[in-house]
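K.L.:
Pasting a structure here, questions to come.
Residue numbers (the working numbering): 12 to 119.
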């Protein structure tokens, strides 16, 4: 019996915003790698995000271990963008007194 060795495409896709997602899901590469770096196994990651495929998670972890510097740089860039967006939104949407405003609106 001959074993046919074939290359499987990595289940990562970049969306129009430049965010890398796992397959056709909304789970980001950042999420998977952060879980892995926090000690989660591939099985635990799939348990946390049942939409994911175990084989894909193993492949992504393997890809990460082989390309750690590039992926860590990507994750750092994404974290910086997230901080910038948070700061902009904090200025745009004042949340001081929001509870009182919502309660006043509810009672009106």
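Just so it is clear, CB atoms sit at the ideal spot from N, CA and C, and this is done for glycine as well.
How is residue 39 classed by DSSP in three states: helix, strand or coil?
P.N.:
Residue 39: strand per DSSP, three-state reduction.
K.L.:
Is the distance from the Cβ of residue 40 to the Cβ of residue 54 below 9 angstroms?
P.N.:
It is not a contact, given that the beta carbons lie outside the stated cut-off.
K.L.:
Would you grab the beta carbon distance between residue 38 and residue 71 for me? Rounded to a whole angstrom, and I think it's under 8 angstroms.
P.N.:
Not confirmed; about 10 angstroms, so no contact.
K.L.:
Could you pull out every residue in the same chain whose Cβ sits closer than 8 angstroms to the Cβ of residue 35, ignoring the five residues on either side in sequence?
P.N.:
Contacts found: 24.
K.L.:
Mapping DSSP to helix, strand and coil, what is residue 65?
P.N.:
Helix at residue 65.
K.L.:
What does DSSP give as the partner residues of residue 25 in its beta bridges?
P.N.:
Its beta-bridge partners are 31.
K.L.:
By the three-class DSSP mapping on this structure, what secondary structure does residue 60 have?
P.N.:
Reduced to three states, the DSSP call for residue 60 is coil.
K.L.:
Can you give the Cα-Cα distance for residue 86 and residue 104, rounded to whole angstroms?
P.N.:
Computed Cα separation, rounded: 26 angstroms.
K.L.:
Determine the direct distance from the alpha carbon of residue 50 to that of residue 83, and round the result to whole angstroms.
P.N.:
Approximately 16 angstroms, taken between the alpha carbons.
K.L.:
Please classify residue 63 as buried or exposed, where buried requires at least 16 other C-beta atoms within 10 Å of its C-beta.
P.N.:
Residue 63 should be labelled buried.
K.L.:
Jot down the residue ranges of each uninterrupted alpha helix (DSSP H) in the stretch 65-104, minimum 4 residues, whole runs only, in chain order.
P.N.:
DSSP runs (the alpha helix (DSSP H)) wholly in the stretch 65-104: 65-77 and 79-103.
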